[in-house]
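S.K.:
Numbering (this note's numbering), first residue to last: 94 to 419.
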């Protein structure tokens, strides 16, 4: 079912987290502004503050970001919260989402390095409305991996992605900050390999490192919270979000072109499908990660002996052959 009369549907507020990347922030806001429901939506922007030892360059970038978020009417209504000090991504997102869900039953969440399709808000709001009473479903993702082969229009996975997503208060209530408890539950269930997407991604390692404070990932806790409670996330068959933060500008995203895929310009129909994980898509994504890992090793060896000026050509070469294979 596609909610054509979305003007009568209660639209979810959008949360955008920004910090010190003005060019990324502008591009993210511009793409959001071009969404079909942007001028009917309420956008909440949380601008993180500087660290105590922030350089003059960082302070200047933070100031530029704050000018950008006030520059245009990016959405129909905008509420801006500028923090005086630095919370960091983990605390910014977890407190910001919790804050909005105190007064709203659903939210859509973006970060400053995400480009969205013009149909992103329509799909997200449709999904949040259509599955609002389905207890098995606790989140909606706007991103899907650039896997090979034909994909269903929408599908469910027992995993959560955090590049343009949404949830309900009832879903966020499952979110646990206790990584050790989550890890214990995963190990006791004997599903560690399943949690690792059938051994294709080292999610258990990421969770253990989060517990040991070697990383500060809130997203691994969100995924683990969904997984141990046997819940599902809805995905589009073609991505409606592109992460343009893999250019070395982000703290949490090292340079990579493995996830490159422009947001689809086609609308996504949200409809009734079996409330169960799509095993065929799961296998495709596992294959994607296995091939990505193999490609990473090969690229590492090639780049090690390839002159720096030829690296951009290698990136284009890889992208070209991924498109041929899809």
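Note that beta-carbon positions come from the ideal geometry of N, C-alpha and C, so glycine has one too. What you are looking at is a predicted structure, and each value in this text was computed from that prediction instead of being measured.
Are the beta-carbon atoms of residue 217 and residue 120 separated by less than 9 Å?
M.R.: no
S.K.: Per the DSSP calculation, residue 209 is bridged to which residue(s)?
M.R.: 334
S.K.: Could you check the C-alpha separation between residue 307 and residue 325 for me, to the nearest Å?
M.R.: Looking at the backbone, the Cα of residue 307 and that of residue 325 are separated by about 28 Å.
S.K.: Judging by CA-CA distance, which residue of 196, 232, 211, 228 is the nearest neighbour of residue 220?
M.R.: 232
S.K.: If you measure between the beta carbons of residue 329 and residue 227, is that distance less than 9 Å?
M.R.: no
S.K.: Is residue 115 buried or exposed, if buried means 16 or more other CB atoms sit within 10 Å of its CB?
M.R.: buried
S.K.: If we require 4 or more residues per run, which alpha helix (DSSP H) segments fall completely within the stretch 165-234?
M.R.: List check, alpha helix (DSSP H) in window: 181-193, 213-223.
S.K.: Between the stretch 194-212 and the stretch 306-323, do at least 3 Cβ pairs fall closer than 8 Å?
M.R.: no
S.K.: What did DSSP end up calling residue 368 once you bin it into helix, strand or coil?
M.R.: Reduced to three states, the DSSP call for residue 368 is coil.
S.K.: Spatial neighbours of residue 198 within its chain, please: CB distance less than 7 Å, with the 5 preceding and 5 following residues excluded, ordered by chain position.
M.R.: Short of 7 Å from the beta carbon of residue 198, and not among the five residues preceding or following it, lie these beta carbons of its own chain, in chain order: 261, 262.
S.K.: Express the C-alpha separation of residue 253 and residue 139 in angstroms, rounding to a whole number.
M.R.: 22 Å
S.K.: Let's see if you can read the secondary structure: which residues bound the beta strand (DSSP E) around residue 259?
M.R.: 258-261
S.K.: Among 323, 112, 244, which residue has its Cα nearest to the Cα of residue 288?
M.R.: Checking every option, the nearest Cα to that of residue 288 belongs to 323.
S.K.: One question on the structure: do residue 293 and residue 382 come within less than 9 Å of each other, judged by their Cβ atoms?
M.R.: The Cβ atoms of residue 293 and residue 382 sit closer than 9 Å to each other.
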